[in-house]
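Its first residue numbered 1, the sequence shown is counted upward by one per residue in the UniProt record's numbering. Here's the structure we're looking at; comments come further down.
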Amino acid sequence: MASASNYYTTIEVAKMLGMAVRSVQLMVDRGDLQAWKTPGGHRRISRESLERWLQGSRSGVRAEAAGRQEGEVGAGRESSRRLRMGQRPPRLLLIEDSTHFQNLVALLLKQKFPGLEVHVASDGITGLASFGQLQPDLLVVDIMLPGIDGANLITGLRSHALFGQCKLIVLTALDEAQRAPYAFALDQVPVVHKPRLVNDLPPLIESLLGARVAAATQVGRADEA
Numbered sequence: 001m002a003s004a005s006n007y008y009t010t011i012e013v014a015k016m017l018g019m020a021v022r023s024v025q026l027m028v029d030r031g032d033l034q035a036w037k038t039p040g041g042h043r044r045i046s047r048e049s050l051e052r053w054l055q056g057s058r059s060g061v062r063a064e065a066a067g068r069q070e071g072e073v074g075a076g077r078e079s080s081r082r083l084r085m086g087q088r089p090p091r092l093l094l095i096e097d098s099t100h101f102q103n104l105v106a107l108l109l110k111q112k113f114p115g116l117e118v119h120v121a122s123d124g125i126t127g128l129a130s131f132g133q134l135q136p137d138l139l140v141v142d143i144m145l146p147g148i149d150g151a152n153l154i155t156g157l158r159s160h161a162l163f164g165q166c167k168l169i170v171l172t173a174l175d176e177a178q179r180a181p182y183a184f185a186l187d188q189v190p191v192v193h194k195p196r197l198v199n200d201l202p203p204l205i206e207s208l209l210g211a212r213v214a215a216a217t218q219v220g221r222a223d224e225a
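Here it is as structure tokens:
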């Protein structure tokens with residue numbers, strides 16, 4: 001058998017990724033991570049598969065962000081904007097599996113808040129990893145996601161050390177009655193109903209990010225002029 005240093009427990013992997021242990025177990029069950037079980041039934045996750053998954057996750061986030069930024073502000077202009085702001089632009093992470101709503105939100109935010117940095121993850125597991133990598137200021141999460149639903153994703157993120165510094169919005173096509181099974185995760189969380197996304201999302205973002213998004217928008221519009 002390989003050295004124990006080539007394997008991690010689910011608790012160790014959860015700490016590395018800033019995830020709940022249950023989320024790591026789901027990754028093993030889905031085949032995202034390779035693992036074997038001890039005689040006592042405990043999972044041991046291979047270091048090689050974890051490194052491979054992390055590399056793929058980072059590449060996916062970078063590729064998706066690059067695709068959405070194509071044709072926008074160049075690297076030199078971006079550096080100038082950050083310098084004039086005195087800090088990095090506010091960062092939003094959208095976790096949404098629908099390509100239609102990914103594009104709609106990205107277009108809407110580009111129009112309303114051109115200085116806002118927008119990243120997209122298409123499922124909950126990638127979203128959890130992206131959260132730790134990006135450390136966003138605002139998280140927008142759909143409830144119905146493949147692999148791990150938005151409610152359990154939120155529950156897992158609340159144990160993350162950085163989550164207390166992040167604002168949260170839930171995005172959903174479910175009406176109030178349909179949201180009842182997810183109430184445990186939605187307490188005091190602003191919810192945007194997808195049919196009202198265009199009207200309700202921008203003012204909510206503005207209220208949550210306040211002066212930071214206002215300053216970023218002003219600089220972004222100056223760069224576009």
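Don't be surprised by glycine CBs; every beta carbon is placed ideally from N, CA and C.
Discussion item. Restricting to runs no shorter than 3 residues, where is the beta strand (DSSP E) found entirely within the UniProt domain "Response regulatory" (91–209)?
Written reply: Segments of the beta strand (DSSP E) lying fully in the UniProt domain "Response regulatory" (91–209): 91–95, 117–121, 138–142, 167–172 and 191–193.
Worksheet item: DSSP beta-bridge partners for Ser46?
Response: In the sequence shown, counting from the first residue as 1, residue 46 sits at position 46. Looking at the DSSP output, Ser46 bridges to Tyr7.
Worksheet item: To the nearest whole angstrom, what separates the beta carbons of Ser46 and Gln34, a pair I think is in contact under 8 Å?
Response: Taking the first residue of the sequence shown as 1, we reach residue 46 at position 46. Taking the first residue of the sequence shown as 1, we reach residue 34 at position 34. About 5 Å separates the two Cβ atoms, so the contact holds.
Worksheet item: Roughly how many angstroms lie between the CA atoms of Gln102 and Val120, to the nearest whole one?
Response: Position 102 of the sequence shown, counting from 1, holds the residue named residue 102. Position 120 of the sequence shown, counting from 1, holds the residue named residue 120. Rounded to the nearest whole angstrom, the C-alpha separation of Gln102 and Val120 is 7 Å.
Item to complete: Could you spell out where the alpha helix (DSSP H) holding Arg30 opens and where it closes?
Response: To locate residue 30, count along the sequence shown from 1; it is residue 30. If you look at Arg30, you'll find it in the alpha helix (DSSP H) that goes Val21 to Arg30.
Worksheet item: Can you list, in chain order, the residues of its chain whose CB lies under 7 Å from that of Ala173, leaving out five sequence neighbours each side?
Response: Within the sequence shown, the letter at position 173 stands for residue 173. Excluding sequence neighbours, Ala173 sits near Lys194.
Worksheet item: Can you tell me whether Ser207 is buried or exposed, with buried defined as 16 or more other CB within 10 angstroms of its CB?
Response: In the sequence shown, counting from the first residue as 1, residue 207 sits at position 207. With fewer than 16 other Cβ atoms inside 10 Å of its own Cβ, Ser207 counts as exposed.
Worksheet item: If we count Cβ pairs, one from each stretch, closer than 8 Å, do we get three or more for the region 105–120 versus the region 142–157?
Response: Between the region 105–120 and the region 142–157 there are fewer than three C-beta pairs closer than 8 Å, too few to call the two in contact.
Discussion item. If contact is defined by three or more beta carbon pairs under 8 Å, each pair taking one atom from either stretch, is the region 98–116 in contact with the region 148–160?
Written reply: Touching, no.
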